[in-house]
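Going letter by letter, the sequence shown gives residues 1 to 331 in full-length UniProt numbering.
Ideal Cβ placement from N, Cα and C applies to all residues, glycine included.
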Amino acid sequence: MNYRQTLISTGISLVLSAPSFAYDLSADEYTQEDLTVIKKAETSANAEVLYNAANILISESMMQENIEQGIKYLVLLAKKNHPKATLTLADYYYEDSHYKEALKLYHQLEQKQDPYVLYSLGVMYFDGEGTQQDYKRGNKYYLAAAKLGYNDAMYQLAFSYNDGQGVKQDYTKAALWFKKSAEQGDASAMYNLGLSYLNGEGVKKDCAHAIKLLEQAINTDNHTRSYAKLGDIYYYTDYKAQCGFNKTDYKKSLSYFMKGAMQGNEYSQYMVGYSYRNGHGTYSNFSTALAWYNIAENNGYDASSEIKDIKQHMSAEDINKAEKLQEQILP
């Protein structure tokens, strides 16, 4: 999972031991305003001037030595407990996989109870980055950040309770935190809360509410897996009684599967192929079915047995049509 937004993506090694750095402003393009700040920092002891220069050098430079000069300013400020510089440096270390250095700096900021910092500590302990993996301690930080309203922490804490990682498995608490995250507009939380209502995990089974949440996830962020799950609900007979349907609705399910398939969901791609293979919600068309089976297979969904079976009933001409259709669909 992508836990945080990338601050910087340089992929360079850090060289911080030298007392000074090579420094070449001619190789990069800076605005006059940026150059003024950078030059001022050379002789200034003002924390904000140094911090602003560091941000410019790190985010606007292509030259490694210029970026390192920015890091030098951040290191100097972090030693003086400058909060913004310490956090920026911690994020930089994290993105460059210098986890031990990042962890130390996040701990340096911990007392300020910033929810992002607490969440970052949760991620590192939960994933064992720069420290021994410790689900229990990671959840402690997730809970602290979640109580302060940090949405990503709510979402991760919900999964901890759902999966029983570092805490006793508790579907009720999982649903509670999915709900809080969903209320902040997280589409994936809406999806997972929808599954909770669909399966009756931590909440009373309520298919209508589950469908509402899945549709909400789609409307919020075009949520791909919600398309697939809605396709299942209208396709499989298992949901008929639970959802109060008189019959399965293959046409509606195919519509959802197709939308998911066009967004790259390999299961939806398989189900589009399966629907065309069996004439569910559409006319039976083996060439179209094979094209979608192949796409699903290429994207990692095992459709090998279905591909082998359907080819036995197809002519060479129809198989060729499927290949051409597949090429048309892929873009």
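- Bounds of the alpha helix (DSSP H) holding H107 are 99 to 109.
- Membership of S226 in the alpha helix (DSSP H) is indicated by the continuous run 224 to 235.
- Taking a C-beta distance under 8 angstroms as the contact criterion, L57 and N66 qualify as a contact pair.
- Distance between C207 and Q242, taken at the CA atoms: about 7 angstroms.
- Across the set Q184, F257, Y99, the C-alpha of F257 shows the shortest separation from the C-alpha of Y236.
- By the Cβ criterion, the segment 207 to 225 is not in contact with the segment 162 to 176, since fewer than three pairs of Cβ atoms, one from each stretch, lie closer than 8 angstroms.
- Around the CB of D152, 16 or more other CB atoms lie within 10 Å, so the residue is classed as buried.
- Straight-line spacing of the CA atoms in Q111 and E48 works out to 22 angstroms.
- About 5 angstroms separates the Cβ atoms of A189 and Y155, confirming a contact at the 8 angstroms cut-off.
- Each residue's CA atom was taken as its position, placing F159 and I218 some 21 angstroms apart.
- In terms of CA proximity to K259, T224 leads the group T224, S120, A289, W292.
- Residue environment: Y283 is assigned as exposed (fewer than 16 neighbouring CB atoms within 10 Å of its CB, all protein chains considered).
- Residue environment analysis places N139 among the buried positions, since at least 16 neighbouring C-beta atoms fall within 10 angstroms of its C-beta.
- Approximately 4 angstroms separates the beta-carbon atoms of K136 and G166; this is inside 8 angstroms, confirming the contact.
- For D96, the closest alpha carbon among the candidates Q113, Y116, K79, E68 is that of E68.
- Residue state for Q216 is assigned as helix, using DSSP reduced to three classes.
- Between A228 and S275, the CB-CB gap reaches or exceeds 8 angstroms.
- Taking C-beta separations shorter than 8 angstroms and ignoring five residues to either side along the sequence, the partners of V37 in its chain run V49, N52, A53, I56, following chain order.
- S304 and E297 have their C-alpha atoms some 7 angstroms from each other.
- Counting along the chain, the unbroken alpha helix (DSSP H) around A291 starts and ends at 286 to 298.
- Using a 10 angstroms sphere on the CB of M124, the tally of other CB atoms reaches 16 or more, which defines it as buried.
- Check the Cα spacing between Y93 and each of E129, G122, E60, S196: the tightest is with E129.
- Annotation for E65: the continuous alpha helix (DSSP H) segment containing it runs 64 to 79.
- Straight across, the Cα-Cα distance linking L77 with Y106 is about 15 angstroms.
- Per DSSP, the continuous alpha helix (DSSP H) segment holding A174 begins and ends at 171 to 183.
- Counting the other Cβ atoms within 10 Å of the Cβ of G70 gives 16 or more, which makes it buried.
- In the structure shown, Q312 adopts coil according to DSSP, grouped into three states.
- For L103, the CB contacts under 7 angstroms within the same chain, skipping 5 residues up- and downstream, are M124, G130, T131 in chain order.
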